[in-house]
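Trainee:
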Amino acid sequence: MIEVSVVIPMKNEEANLAPLVNGIAEACEGKAYEIIVVDDGSDDGTPSEALRMAQELGTVRLVSHANSGGQSAAVHSGVLAATGRVVCTLDGDGQNPPSELPKLFMPLLEDTTGKLGLVAGQRVARQDTFSKRWASKFANGLRGWILKDGTRDTGCGLKGFRRDIFLTLPYFDHMHRYLPALFRRDGWEILLVDVSHRERQAGKSNYSNFMRAIVGIPDLLAVSWLIRRRKKAQPEELFAEVQEAPET
10 MIEVSVVIPM KNEEANLAPL VNGIAEACEG KAYEIIVVDD GSDDGTPSEA
60 LRMAQELGTV RLVSHANSGG QSAAVHSGVL AATGRVVCTL DGDGQNPPSE
110 LPKLFMPLLE DTTGKLGLVA GQRVARQDTF SKRWASKFAN GLRGWILKDG
160 TRDTGCGLKG FRRDIFLTLP YFDHMHRYLP ALFRRDGWEI LLVDVSHRER
210 QAGKSNYSNF MRAIVGIPDL LAVSWLIRRR KKAQPEELFA EVQEAPET
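According to my numbering, numbering within the sequence shown proceeds without interruption in unit steps and concludes at 257.
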């Protein structure tokens, strides 16, 4: 039985794939795990490299999009393919150190309350450009003010969650940036953990600060609407006492 499924959304990250997969294998040693690489319409050698790693390690699986659907689409496809009870995600650019993964999956595997749904990483000492850090700080501040989701860094790719709960969430593009708010909306507890961050190992970013801002505003309004329209009652099944038949 697979305990942990690690999902990596990737687009044109051929040079980052092998170091990332090897790092995940080290971090998950001792656990029953699988690594699901989701190729989001790459036009480089990412799919071929993933298949090579699958042949070499046996714990790697490849899920492929014929055309790019974006990071949330890739994460969603990976979670659908996952077989583990707990799913962890990290970005395919190598900036999320795989060594941080146990901080995500161990609290979920050890939870005895049944109430913990999400463990979300919050980056410290970010290794990004000033413009990217400033844009992220502004977006996180605005999001936190409107959604009150309790996290300072919802854009961090390092997240762990229960697969069954994730698949009940409403899907929309860019939903990966709003997981704390969506899990809280449905009454699940979330745990925030500080994680390290490093410079991109190879390649270049597929997203710009401008594009993040353009798509972020309508997403923020949509999530705010979803929170206000959440289901406000939860069902509880009641059972009648079984009466024993009288003796004859």
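Idealized CB from N, CA, C, for every residue including glycine.
To the nearest angstrom, how far is the alpha carbon of R132 from that of Q64?
Mentor: For this step, residue 132 is matched to residue 123 along the sequence shown. For this step, residue 64 is matched to residue 55 along the sequence shown. Roughly 33 Å between the two C-alpha positions.
Trainee: Could you name the residues that DSSP lists as bridge partners for I17?
Mentor: Within the sequence shown, numbered from 1, the residue matching residue 17 stands at position 8. Per DSSP, V46.
Trainee: Quick check: the region 170-185 against the region 113-128, are at least 3 beta-carbon pairs closer than 8 Å?
Mentor: The answer is yes - the region 170-185 touches the region 113-128, with three or more Cβ pairs under 8 Å.
Trainee: So, for A83: in the same chain, excluding its five sequence neighbours on each side, which residues have a beta-carbon less than 6 Å away from its beta-carbon?
Mentor: Counting from 1 along the sequence shown, the entry for residue 83 is found at position 74. Result list for A83: P18, V47, D49, in chain order.
Trainee: Would you kindly work out how many angstroms separate the C-alpha atoms of D182 and A190, rounded to a whole number?
Mentor: For the purposes of this step, residue 182 is identified with residue 173 of the sequence shown, where counting begins at 1. For the purposes of this step, residue 190 is identified with residue 181 of the sequence shown, where counting begins at 1. The straight-line gap from Cα to Cα measures roughly 15 Å.
Trainee: Tell me which residues share the same chain as K40 and place their Cβ nearer than 6 Å to its Cβ, disregarding the 5 neighbours each side in the sequence.
Mentor: For the purposes of this step, residue 40 is taken as residue 31 along the sequence shown, with counting starting at 1. The residues are E12, V13.
Trainee: Give me the Cα-Cα distance between C97 and K241, rounded to the nearest whole angstrom.
Mentor: Counting from 1 along the sequence shown, the entry for residue 97 is found at position 88. Counting from 1 along the sequence shown, the entry for residue 241 is found at position 232. Going from the Cα of C97 to the Cα of K241 covers about 29 Å.
Trainee: DSSP on E198, reduced to helix/strand/coil?
Mentor: On the sequence shown, position 189 is the one that residue 198 refers to. Note: E198 maps to strand in three-state DSSP.
Trainee: How would you write the range of the beta strand (DSSP E) that G130 sits in, first residue to last?
Mentor: Here residue 130 is taken as the residue at index 121 of the sequence shown, counted from 1. G130 -> beta strand (DSSP E) spans 125-132.
Trainee: Roughly how many whole angstroms lie between the Cα atoms of G79 and M184?
Mentor: Along the sequence shown, read from residue 1 onward, the residue named residue 79 stands at position 70. Along the sequence shown, read from residue 1 onward, the residue named residue 184 stands at position 175. Cα to Cα, the separation comes out at about 10 Å.
Trainee: Would you kindly work out how many angstroms separate the C-alpha atoms of Y187 and S51, rounded to a whole number?
Mentor: As a first step, residue 187 is located in the sequence shown; it is residue number 178 there, counting from the start. As a first step, residue 51 is located in the sequence shown; it is residue number 42 there, counting from the start. Each residue's alpha carbon lies about 25 Å from the other.
Trainee: Can you tell me whether DSSP reads T121 as helix, strand or coil?
Mentor: Position 112 of the sequence shown, counted from the first residue, corresponds to residue 121. Coil at T121, not helix or strand.
Trainee: Looking at L235 and R194, is the spacing between their C-beta atoms short of 8 Å?
Mentor: The residue given as residue 194 occupies position 185 in the sequence shown. The residue given as residue 235 occupies position 226 in the sequence shown. Yes, Cβ-Cβ distance for R194 and L235 is below 8 Å.
Trainee: Per DSSP, T98 forms a beta bridge with which residues?
Mentor: For the purposes of this step, residue 98 is taken as the residue at position 89 of the sequence shown. Partner(s): V16, K168.
Trainee: Count the other CB atoms, across all protein chains shown, that sit within 10 Å of the CB of Q104; report buried if there are 16 or more and exposed otherwise.
Mentor: Within the sequence shown, the letter at position 95 stands for residue 104. Q104 should be labelled buried.
Trainee: At what residues does the beta strand (DSSP E) containing H74 begin and finish?
Mentor: Here residue 74 is taken as the residue at index 65 of the sequence shown, counted from 1. Unbroken beta strand (DSSP E) run through H74: 69-74.
Trainee: Whole angstroms are fine: how far does the CA of E246 sit from the CA of Q252?
Mentor: By 1-based counting over the sequence shown, the position of residue 252 is 243. By 1-based counting over the sequence shown, the position of residue 246 is 237. Answer to the nearest angstrom: the Cα atoms are 19 Å apart.
Trainee: Per DSSP, which one or two residues make a beta bridge with V204?
Mentor: Against the sequence shown, residue 204 aligns to sequence position 195. V204 is bridged to R132.
Trainee: So, under 8 Å CB-CB, L200 and P116 are touching, yes? Tell me the CB distance rounded to an integer number of Å.
Mentor: Taking the sequence shown and counting its residues from 1, the one referred to as residue 200 is at position 191. Taking the sequence shown and counting its residues from 1, the one referred to as residue 116 is at position 107. Yes, L200 and P116 are in contact; Cβ-Cβ is about 6 Å, under 8 Å.
Trainee: Relative to the C-alpha of R94, which candidate in S73, F248, V15 has its C-alpha closest?
Mentor: Translated into the one-based positions of the sequence shown, residue 94 becomes position 85. Of the listed residues, the one whose Cα sits closest to R94 is V15.
Trainee: For A36, count neighbouring C-beta atoms within 10 Å of its own C-beta (all shown protein chains included) and say buried if the count is 16 or more, exposed if not.
Mentor: On the sequence shown, residue 36 is found 27 positions in, with the first residue counted as 1. By the neighbour-count rule (16 or more Cβ atoms within 10 Å), A36 is buried.
Trainee: Within its chain, find whatever has a CB closer than 6 Å to the CB of L99; leave out the 5 residues flanking it on each side and keep chain order.
Mentor: For this step, residue 99 is matched to residue 90 along the sequence shown. So the list reads N105, G166, L167, once near-sequence residues are dropped.
Trainee: Could you give the first and the last residue of the continuous alpha helix (DSSP H) run that contains G32?
Mentor: Indexing the sequence shown from 1 puts residue 32 at position 23. From DSSP, the alpha helix (DSSP H) with G32 extends over 23-36.
Trainee: Ends of the alpha helix (DSSP H) at R61?
Mentor: As a position in the sequence shown, residue 61 is number 52, starting the count at 1. Note, R61: alpha helix (DSSP H), 55-66.
Trainee: Going by other Cβ atoms of all chains shown within 10 Å of its Cβ, with 16 needed for buried, is T55 buried or exposed?
Mentor: The count along the sequence shown starts at 1 and reaches residue 55 at position 46. Buried is the call here.
Trainee: Just tell me which of A75, E22, I33 has its CA closest to the CA of D53.
Mentor: Mapped onto the sequence shown, residue 53 falls at position 44. Answer by Cα proximity: E22.
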